[in-house]
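Some notes on the structure that comes next.
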Amino acid sequence: MIKRLFDVLASMIGLIILSPIILVTAVISVISQGFPIFFHHERLGRDGFPFTMVKFRTMDSGHSLSAKHDITRLTPWGRVLRRTSIDELPVLFNVIKGDMSLVGPRPMPTKYLPRFNKSQIKRLNVKPGITGLAQVTGRNSLSWEEKFELDVKYVKQNSLIGDLMIILKTLFTVIKGKNVEASDQEIMPEFMGSKKEERKL
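And the structure:
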């Protein structure tokens, strides 16, 4: 209950403070990319229930074929939004709605659900977050397996104090622009499932 109250208050304050950036981003997006401004995608919520996550659009319109293909669809303005994490600001509305939390495992596409092993699926025991332990530990420099191990670790050890520390580390990481890319790419390759069961945490 305390975490939910903190999520709502912090998100509302964040939207008020960041509203000028959101407005300018929307205007530039229309000028440089046209409509639609936002990208809607179905993601896995708590206990595997799907919800629609909203972000600023960073790619040319069209259907996604693969992570490798998506890299070629990134617009110049979209690259700026991704590197500064500004594309994530609309997700604050998902937090206010109750779909997400400020801190938690990153929400994965619904198609990933059957690809999780018995350990990895425990990351769905809590609401997904805008940021999380994996993001402040290495972001895209980590493998999927390493990220999911950290997600499960967070589920077992999460606390309000821990969330506050993760938020502070996230701000530092975004400002410094550290660990945003993996193998010089801005999009992680698609998770197809682990080849072996992860160790118990």
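Under my numbering, the residue at position 191 of the sequence shown is numbered 195, and the numbers go up by one with no gaps.
By construction, the Cβ of each residue, glycine as well, lies at the ideal position given by its N, Cα and C atoms.
Is it true that the CB of residue j sits closer than 8 Å to the CB of residue i?
i, j, result
"Arg-127", "Phe-97", "no"
"Leu-93", "Leu-22", "yes"
"Pro-54", "Thr-141", "no"
"Leu-106", "Asp-64", "no"
"Pro-111", "Arg-47", "yes"
"Val-130", "Gly-108", "yes"
"Val-34", "Val-95", "no"
"Thr-174", "Thr-135", "yes"
"Ala-29", "Phe-10", "Residue identity differs from the one stated: residue 29 is Thr in this sequence, not Ala. Taking 8 Å as the Cβ cut-off, Thr-29 and Phe-10 do not qualify as a contacting pair."
"Ile-91", "Thr-56", "At residue 91 the sequence reads Asp, which differs from the Ile that was named. No, Cβ-Cβ distance for Asp-91 and Thr-56 is not below 8 Å."
Under the DSSP definition of a beta bridge, which residues are partnered with residue i?
i, result
"Phe-55", "Arg-47"
"Val-107", "Thr-135"
"Pro-113", "Arg-47"
"Met-63", "Leu-78"
"Phe-42", "Phe-60"
What's the C-alpha gap between residue i and residue j?
i, j, result
"Gly-18", "Met-169", "17 Å"
"Thr-79", "Phe-42", "14 Å"
"Tyr-158", "Gly-38", "39 Å"
"Asn-183", "Gly-133", "Residue placement at Asn-183 is flagged as unreliable, the pLDDT there being 49, under the threshold of 50; the coordinate-derived value follows with that caveat. When rounded, the distance between both Cα atoms is 18 Å."
"Arg-86", "Asp-51", "28 Å"
"Glu-185", "Leu-137", "With a pLDDT of only 49 at Glu-185, under the threshold of 50, the placement of this residue in the model should not be trusted; the figure read from the coordinates follows. C-alpha separation (whole angstroms): 17 Å."
"Ser-123", "His-44", "28 Å"
"Asp-155", "Trp-81", "30 Å"
"Arg-83", "Gly-49", "26 Å"
"Glu-202", "Glu-194", "Because Glu-202 sits at a pLDDT of 48, beneath the cut-off of 50, its placement in the model cannot be relied upon, and the point is left open."
"Leu-172", "Ile-125", "27 Å"
"Thr-177", "Met-196", "28 Å"
"Ile-26", "Pro-118", "35 Å"
"Ser-89", "Met-5", "28 Å"
"Ile-165", "Val-99", "19 Å"
"Gln-139", "Met-192", "13 Å"
"Ala-14", "Asn-144", "26 Å"
"Met-104", "Lys-180", "25 Å"
"Val-31", "Asn-121", "43 Å"
Tell me the residue span of the alpha helix (DSSP H) that contains residue i.
i, result
"Phe-10", "6-37"
"Thr-231", "In the structure displayed, the chain extends from 5 to 205; residue 231 sits before or after that span and is not available."
"Pro-80", "80-88"
"Phe-97", "95-101"
"Phe-120", "From DSSP, Phe-120 is part of no alpha helix (DSSP H); its letter is neither H nor E."
"Glu-150", "148-161"
Measure from the C-beta of residue i to each C-beta in chain C and report whether the shortest distance is under 8 Å.
i, result
"Phe-120", "Absence of chain C from the displayed structure is noted, only one protein chain being present."
Less than 7 Å separating the Cβ of residue i from some heavy atom of the ligand HEM?
i, result
"Val-159", "Summarising the ligand content, the structure contains no ligands, and the ligand HEM is consequently not present."
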